[in-house]
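Put into C-alpha cells, the structure is as follows:
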C-alpha cells in the first residue's frame with residue numbers, strides 16, 4: 143500500500159502582501175501527478191491545510207478542487223487533521239458525511255482513538271489522527287491536569303496504544319513540535335514560552351509517524367518519525383531547503399520504503415547577494431527572473447532607488463537588505479557612535495555622486511563638514 | 143414521496159446584538175422531528191442557510207449537525223442552494239464529494255441545468271436548483287445582456303425547460319423575489335433600485351416551485367409557487383407571522399398535497415403595547431416572559447428608566463418605543479413646534495413627580511415656567 147504524506151499547505155498565505163495561491167495550486171497539481179505516477183492509494187495531510195481559521199474563499203476552492211480530483215475522480219481516500227493554523231470547527235463541516243465519501247477530516251480531539259482504516263487486498267492500516275491540541279484541550283477532554291504539550295501528547299498516545307489492534311499496521315498523524323527538530327522562520331509558535339515541545343520517543347512504536355508543523359522535511363530520532371515539510375517555502379530562511387512530499391510503502395509486515403519526492407514550484411524563493419551592478423549583470427542572464435527574491439546588497443556607498451532598479455529585472459523582488467547598514471546598526475557602544483558620525487559625511491558624498499554622477503569638490507566637502515559640525519554643536523547645546 | 147421545503151435559516155444572525163443560535167438550533171431540531179413524524183424522504187433548503195458569507199463557526203457547526211442527523215443518520219438527501227446571504231464559494235466546499243453522500247449543495251449557477259434526481263420505488267423527481275444570482279452572473283455564464291433579474295431568471299428557466307424530461311416530475315428551487323409578493327423588514331434587498339423582481343408565471347409549469355428569500359410563508363400566483371418562509375421571525379415586523387415549513391406530497395402523477403407545519407420557537411418575538419404600569423401588571427402573569435419583546439409605551443408623561451423597569455419582567459426586552467414621542471416627532475410644521483414647546487414644562491413636571499413621588503407645587507411650576515421663558519428669550523436673541 144502506498145501512502146503519500148504531506149502537510150503545512152497554508153493555503154491562502156500571503157508573502158510580503160502577495161498571494162501565493164497560484165503557486166500553491168501548481169504544487170497541489172504536482173501532488174495529484176505524484177498520486178497518478180506512483181499509484182498512490184491514500185493521502186495523509188498532517189495539518190495546516192489553511193493558513194488561517196477563516197481562509198479566503200479562493201483557498202477553500204483550491205482545497206475543494208484537490209478533494210475533487212483525489213477523492214471523487216480517483217476515489218483515493220484523504221486523511222487530514224487540523225493544524226494550529228486551521229479553524230477546527232470550520233474545517234470540520236459535514237465531516238461525518240465526508241467520511242462516507244473518502245474524505246476523513248479529523249478536527250475533534252476525542253476522535254483520535256477511532257482510527258481511519260485503510261485497506262487493500264493484503265494490508266490493513268490503522269491511521270490514528272491527532273488533530274492539533276494544546277494541554278488545556280486535553281485536560282478538558284480527559285479531566286487531566288497537564289501543564290505542557292509533552293505530557294498532554296503522551297496521554298493521547300497512551301489512549302491510542304490502549305486501543306491498538308495487533309493485527310493491523312499503525313500510523314499516527316500529529317501536528318506537533320518534536321523536541322530537537324529544526325524549525326524555520328515561517329512557523330507560528332504553538333505556545334509562547336516553549337512548553338510546546340514533544341518527545342519523539344512516544345512515536346517510536348508506530349510503523350510510521352506522519353507529522354506536521356515544522357516546515358523543513360526531516361526525521362527526528364528514528365527514520366520513520368517524520369515531517370513531510372511544507373508545500374512550499376514560506377520564508378527566505380527556507381531558501382536552501384528542498385521541499386518534498388513523502389511516499390510510504392507499507393504492507394502487512396510493516397514499513398518497507400520511505401521516498402522523498404521533490405516538489406518543483408514555478409517560482410522558487412531565493413536569496414541573491416552582491417553589489418547592485420553585479421546583481422543586475424547576473425540578472426540579465428538569469429532564466430528564473432520571476433522567482434521570489436531577497437537581495438542582500440554588499441555596496442558600501444548609498445544607492446538611490448536600489449529596489450526599483452533591481453525590480454526592473456526581478457519583478458518579484460520582495461525584500462532588499464543592505465549588509466553594510468545592518469553591520470553598522472549591529473556595532474555596539476561608543477565605537478558605533480564614531481562609526482555613525484563618520485558615516486554622515488560619507489552618506490552625503492555618496493548621495494551627491496549618485497545624483498550628479500560626479501564626486502563632491504573639496505570646497506563642497508568643506509562646506510558640508512561645516513554644516514554637520516554646526517548641527518552637532520546645536521544638538522549638544524540644546 | 144414526501145419532501146420538506148424550508149429556507150432562510152440565516153444561521154448566525156444577530157438580533158439587536160444578541161445571538162439567535164440557540165433558538166435556531168431548537169428549530170432545526172423541530173425540522174428533524176418533522177422528518178421523523180412525517181417520514182419525509184428529502185429536504186429542500188431554498189437558500190440563506192447562513193446569514194453572511196463568513197458565518198461564525200458555531201453556525202457552521204449547527205448546519206453540520208443538521209446534515210449529520212438528516213443525511214448521515216437518517217440517510218435522507220438534502221438539496222440546498224446558496225442565497226444572497228450565503229458565500230457561494232465557501233458554502234460550496236467539497237460539493238462533488240458531498241453529493242455522493244446525499245448532500246447536494248448547489249452554489250454554482252451552471253449546475254442549474256443538471257437536476258438532482260430524487261427517487262423512490264414509484265416516483266422520480268427532477269429537482270432543478272437555481273442558486274442565487276444577479277443578472278451579471280447570468281450574462282457572464284450565457285454571454286447574454288440581461289439588465290434585470292426577471293429577464294435573467296427567465297433565461298435560466300428556458301435553459302432548464304430545454305433539458306426537462308417528460309417522464310419525471312419537476313421541482314424548481316430558487317432564491318428570488320416574486321413580483322407582488324409580501325416582504326418583511328428582515329430581508330436584504332437583492333439589488334438597489336428594484337430591478338430585482340421576477341414574474342411568478344415562469345414557474346407555473348413546474349409541479350412545484352420551492353422558493354426562498356421572502357421571510358413570510360406565502361404563495362404567489364398559483365398555490366404551488368411558494369415561499370416556505372424563514373426558520374424564525376427576524377424582525378418585529380414579523381411578530382404576527384406564523385413561521386412554518388412546507389411539506390409536499392408528490393407522486394408520478396404530480397403534486398398531491400401541500401401542508402404547512404408550524405414551527406414553535408422557545409422564545410417568540412412579540413410586540414406589546416400599553417402604559418408602563420399596565421404592561422408590568424400583565425407581565426406578572428405572563429408565562430412567556432423570556433420572549434423577545436418590543437414594547438410600545440402609550441404613556442403621555444415622561445418616565446424614568448422605563449427600559450430597566452420593564453426588563454425586570456421581560457429580560458429579552460429588545461426595543462422600547464414611545465408612541466407619544468413618535469407622534470410628536472411625526473407632527474409637521476408650526477403645530478409641532480407649539481406641541482413641543484408645551485411639552486417642555488410638562489416633561490419637567492413628569493420628571494419631578496417620577497423622582498420625588500409628588501407633583502410640583504404651584505410656586506415651583508411658576509419658577510420653572512420663568513426659566514423656560516428666559517431660555518427661549520436668550521435663544522431668540524442669539
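Residue numbers (my numbering), protein chains in the order written: chain Y, 143 to 524; chain V, 143 to 524.
Cβ coordinates follow ideal geometry from the N, Cα and C atoms, glycine included.
Scanning the stretch 401 to 428 of chain V for uninterrupted alpha helix (DSSP H) segments of 4 residues or longer gives 418 to 426, listed from N- to C-terminal end. Contacts between residue 210 of chain V and chain Y, judged by CB atoms closer than 9 Å, involve 236, 237, 238, 239 in chain order. Under a 10 Å Cβ-count criterion, residue 171 of chain Y is classified as exposed, with fewer than 16 other Cβ atoms of the shown protein chains found around its own Cβ.
Against chain V, the beta carbon of residue 229 of chain Y has neighbours under 7 Å at 199, listed in chain order.
One thing to note: residue 381 of chain Y has its Cβ no nearer than 7 Å to the Cβ of residue 356 of chain Y. Contact between the stretch 196 to 205 of chain Y and the stretch 231 to 240 of chain V is established, with three or more Cβ pairs separated by less than 8 Å.
In this structure, the alpha-carbon of residue 371 of chain V lies about 29 Å from that of residue 238 of chain Y. Interface annotation, residue 213 of chain Y: in contact with chain V, CB-CB separation under 7 Å. Annotated as proximal: residue 184 of chain V and residue 260 of chain V, with beta-carbon spacing under 7 Å.
In this structure, residue 364 of chain Y and residue 346 of chain Y form a Cβ contact; the two beta carbons are roughly 6 Å apart against a cut-off of 8 Å. Excluding residues up to 5 positions away in sequence, 413, 436 lie with their Cβ nearer than 6 Å to the Cβ of residue 378 of chain Y in the same chain. Judged by DSSP secondary structure, residue 449 of chain Y falls within the alpha helix (DSSP H) whose first and last residues are 448 to 453. By the Cβ-count criterion, residue 496 of chain V is exposed, with fewer than 16 other Cβ atoms from all chains shown falling within 10 Å of its own Cβ.
Distance from residue 267 of chain V to residue 315 of chain V at the Cβ level is roughly 11 Å; contact not present, criterion being Cβ atoms closer than 8 Å.
At a cut-off of 4 residues, the continuous stretches assigned as alpha helix (DSSP H) that sit fully inside the stretch 286 to 324 of chain Y are 291 to 305. Here the alpha carbons of residue 218 of chain V and residue 242 of chain Y stand approximately 14 Å from one another. Comparing alpha carbon positions, the residue from Y:391, Y:456, Y:421, Y:450 closest to residue 410 of chain Y is Y:456. Interface flag for residue 243 of chain V against chain Y is set, since a Cβ pair is found closer than 7 Å.
Contact between residue 367 of chain V and residue 351 of chain V is confirmed by a C-beta separation of about 4 Å, below the 8 Å threshold.
Contact annotation: the stretch 185 to 192 of chain V touches the stretch 144 to 164 of chain V, with at least three C-beta pairs closer than 8 Å.
The C-beta of residue 206 of chain V comes closer than 7 Å to at least one C-beta of chain Y. At least one beta carbon of chain V lies nearer than 7 Å to the beta carbon of residue 203 of chain Y. Around the beta-carbon of residue 387 of chain V, 16 or more other beta-carbon atoms lie within 10 Å, marking it buried. The three-state reading of DSSP puts residue 279 of chain Y in helix, counting H, G and I together. For residue 351 of chain V, the pairing in a beta bridge is given by DSSP as V:314, V:367. A straight line joining the alpha-carbon of residue 165 of chain V with that of residue 149 of chain V spans about 16 Å.
For the stretch 265 to 298 of chain Y, the beta-carbon criterion of a distance under 9 Å to any beta-carbon of chain V is satisfied by none of its residues. In this chain, the alpha helix (DSSP H) harbouring residue 522 of chain V covers 504 to 523. Between residue 161 of chain Y and the set Y:174, Y:376, Y:515, Y:294, the nearest pair of CA atoms involves Y:376.
Secondary structure at residue 203 of chain Y: helix, using DSSP grouped into helix, strand and coil. Among the residues of the stretch 180 to 200 of chain V, those with a Cβ less than 7 Å away from any Cβ of chain Y are 196, 199, in the order of the chain. Here residue 238 of chain Y carries a helix assignment [DSSP, helix/strand/coil]. Residue environment: residue 209 of chain V is assigned as buried (16 or more neighbouring CB atoms within 10 Å of its CB, all protein chains considered). Contact annotation: residue 249 of chain Y and residue 224 of chain Y have beta-carbon atoms nearer than 7 Å. When DSSP states are grouped into helix, strand and coil, residue 330 of chain Y belongs to the coil group. Against chain V, a Cβ distance below 9 Å from residue 218 of chain Y picks out nothing, because the smallest value is about 12 Å.
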